[in-house]
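Read the structure below first, then the notes.
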Amino acid sequence: ALVSAKEMLEKAHAGHYAVGQFNINNLEWTKMILLAAQETNSPVILGVSEGAGKYMTGYKTVADMVKAMIDEMGITVPVALHLDHGSYEGAKKCIEAGFSSVMFDGSHYPFEENVEKSKEIIALAHSQGISVECEVGAIGGEEDGVIGGGEVADPEECAKIAALGVDMLAAGIGNIHGKYPENWKGLNFDVLAEIQAKTNGKPLVLHGGSGIPTDMIKKAISLGVSKINVNTECQLVFADATRKYIEAGKDLEGKGFDPRKLLAPGCNAIKELVIDKIKEFGSDNQA
Ligand code: G3H
Ligand code: ZN
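If you're matching positions, the sequence shown starts at 2 in UniProt numbering and goes up one per residue.
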């Protein structure tokens, strides 16, 4: 069964490690991430963007597929199914469809409106035992058509959203979705420390987890980051392994065009990457 992300993140915060959120696009992605989590005995969060939800034909399909896979694969580690960068309407739909966690990203609204809408989603989700992530100060870059300005979050605003009883808080601290540019200045640890101090130890979320150097990941965790979102890196390793398979002509040998064979190298690459990330974040053997 699915679980809320609240308990796993509080445990991670207290234990000074982070739980990975890995975004899913289809059955193969989901299967590989679940296998990686089970093999490393780690809690895991499956992220679903609104675009990915649409691609998979709807949130109900996603929720029912994931629940059935957990059951039929014999997955025993804690798994949360989480809406990523959700709109107000999207968050409500996912609560109804059977997700165990939602992000309401109101960072593009004027701050007072973000507060009002966050408050409403938190009340609705909590009445059903579903955890909520909210965002302050947009994450830079573009993800699935959601474009963030990349402003660094105001710690006072973070304190106000944390006080609403949100379970985890995403704050822009110089992190960017997608690949990091050559001239990236790195994470702003002074702001991160101030946010953690002003939010009374609220589990913090680091978006744009792809391509952040390990020393920065470790430092962010030491300053209160308990959830790290990774999406682009899974896409890159999948595409790379698939391209190599096709360029080597393996799809032309024997039954190499069988989708189960054609997709296998990419899928295995995702599983290996997720195992590496779980170990880097320190959530292995914490299930
Ligand atoms: O919300 C999802 C993440 O922030 C993913 O970012 O694609 O840069 O890993 P990424
Ligand atoms: Zn994100």
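Beta carbons: idealized from backbone N, C-alpha and C, even for Gly. Computed from a prediction, not measured in an experiment: that's the story for all the values here.
Under 8 Å between C-beta atoms of L3 and K68: Yes, the Cβ-Cβ distance between L3 and K68 is below 8 Å.
CA-to-CA distance, K120 to L165, given in whole angstroms: Each residue's alpha carbon lies about 6 Å from the other.
DSSP bridge partner residues for L47 (one or two, in chain order): In DSSP, L47 forms a bridge with F23, L82.
E90 - DSSP class collapsed to helix/strand/coil: Here DSSP, grouped into helix, strand and coil, assigns E90 to helix.
Residue environment, M74, which counts as buried when at least 16 other CB atoms sit within 10 Å: Here M74 is exposed. Its C-beta has fewer than 16 other C-beta atoms within 10 Å.
L36 vs S227 beta-carbon contact at 8 Å: With contacts defined as CB atoms closer than 8 Å, L36 and S227 fail to qualify as a contacting pair.
8 Å CB neighbourhood of I76 in its chain, flanking five on each side removed: Counting only Cβ-Cβ distances below 8 Å, and skipping sequence neighbours, we find L35, A38, Q39, M70.
Beta-bridge pairing of H105 - partner residues as DSSP gives them: One detail in the question is off: residue 105 reads as Phe in this sequence, not His. Answer by DSSP bridge pairing, in chain order: G87, C135.
Bridge partners - M169, DSSP secondary structure assignment: Bridge partners of M169 according to DSSP: E134.
Residue nearest to T215 in terms of C-alpha spacing, selected from E117, D277, F112, G142: Ranking the options by Cα distance to T215, first place goes to D277.
Backbone secondary structure at V192 - three-state DSSP: Three-state DSSP puts V192 in a helix.
Cβ distance (whole Å) where M33 is taken to contact C268 below 8 Å: The C-beta separation of M33 from C268 comes to about 5 Å, placing the pair in contact by the 8 Å criterion.
Spatial neighbours of S88 in its chain, beta-carbon cut-off 7 Å, leaving aside the 5 residues before and after: Result list for S88: E51, in chain order.
Buried versus exposed call for F105 [16 or more other C-beta atoms within 10 Å across all chains shown]: Counting Cβ neighbours within 10 Å, F105 comes out buried, since at least 16 surround it.
Pair within 8 Å by beta-carbon distance, G173 and G202: The answer is no: Cβ separation not under 8 Å.
Boundaries (first-last residue) of the alpha helix (DSSP H) holding L28: First-last of the alpha helix (DSSP H) with L28: 28-40.
Alpha carbon of C135 to alpha carbon of K12, nearest angstrom: Near 19 Å, if we compare the C-alpha coordinates of K12 and C135.
Opposing strand residues paired with G207 [DSSP bridges]: With the sequence shown as reference, residue 207 is identified as Leu, and Gly is not the correct amino acid for it. Answer is I229, bridged to L207.
Span of the alpha helix (DSSP H) around I271: Start and end: 265-282.
DSSP state of I177 mapped onto helix, strand, coil: Residue state, collapsed to three classes: strand.
Proximity below 8 Å, CB of N230 to CB of V206: A contact, by the Cβ cut-off of 8 Å.
Cβ distance (whole Å) where A270 is taken to contact A242 below 8 Å: The pair is a contact, with the Cβ atoms about 4 Å apart (cut-off 8 Å).
Nearest-angstrom beta carbon gap, A19 and S284 [assumed within contact, 8 Å]: With a contact defined as Cβ atoms closer than 8 Å, S284 and A19 qualify at about 7 Å.
G54, DSSP secondary structure in three states: Under the three-state reduction of DSSP output, G54 falls in the helix class.
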